[in-house]
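Numbering (the working numbering), first residue to last: 1 to 125.
Each residue gets a CB set at the ideal place from its N, CA and C atoms; glycine is no exception.
The block underneath contains the structure these notes are about, expressed in structure tokens.
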């Protein structure tokens, strides 16, 4: 706020508020650096990945969204509700509904879901 206010107070090209703006900006940079170091020390260091992650992803209901381009929203929602109710995975239920395993391998790949585009679209979306 100080930086924005300081710049509105500058007249023409005299920029009389530059010292206030510079001090506020430098203080913000120091604060951000300290916060990042504190976050790293108290929250990031010591974190270890476990092999539980892939199982959590495979059992997640969000995988149903990847099937929307193929079976539609309503069927995907039904699949997710059934998975929640039964405790089974989206992949298991989709296989039972006749979606080929090769298609599911491509559609339910979590890595491809982090890329731009629609995974289910043959053209790549």
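{"Asked": "Alpha carbon of residue 14 to alpha carbon of residue 20, nearest angstrom", "Found": "14 angstroms"}
{"Asked": "Sequence-distant residues of its chain with Cβ nearer than 6 angstroms to residue 2 (five each side left out)", "Found": "24"}
{"Asked": "Straight-line gap, residue 110 to residue 55 (C-alpha atoms, nearest Å)", "Found": "12 angstroms"}
{"Asked": "Three-pair Cβ contact test at 8 angstroms for the segment 80-99 versus the segment 42-61", "Found": "yes"}
{"Asked": "Buried versus exposed call for residue 66 [16 or more other C-beta atoms within 10 Å across all chains shown]", "Found": "buried"}
{"Asked": "Where the alpha helix (DSSP H) through residue 46 begins and ends", "Found": "Premise fails: residue 46 is in no alpha helix (DSSP H) and is neither H nor E."}
{"Asked": "Between the CA atoms of residue 77 and residue 100 - distance to the nearest angstrom", "Found": "19 angstroms"}
{"Asked": "Cβ-based burial, residue 46 [other Cβ within 10 Å; buried from 16]", "Found": "exposed"}
{"Asked": "C-alpha distance - residue 35 paired with residue 69, whole-angstrom precision", "Found": "42 angstroms"}
{"Asked": "Cβ-Cβ distance between residue 6 and residue 17 below 9 angstroms", "Found": "yes"}
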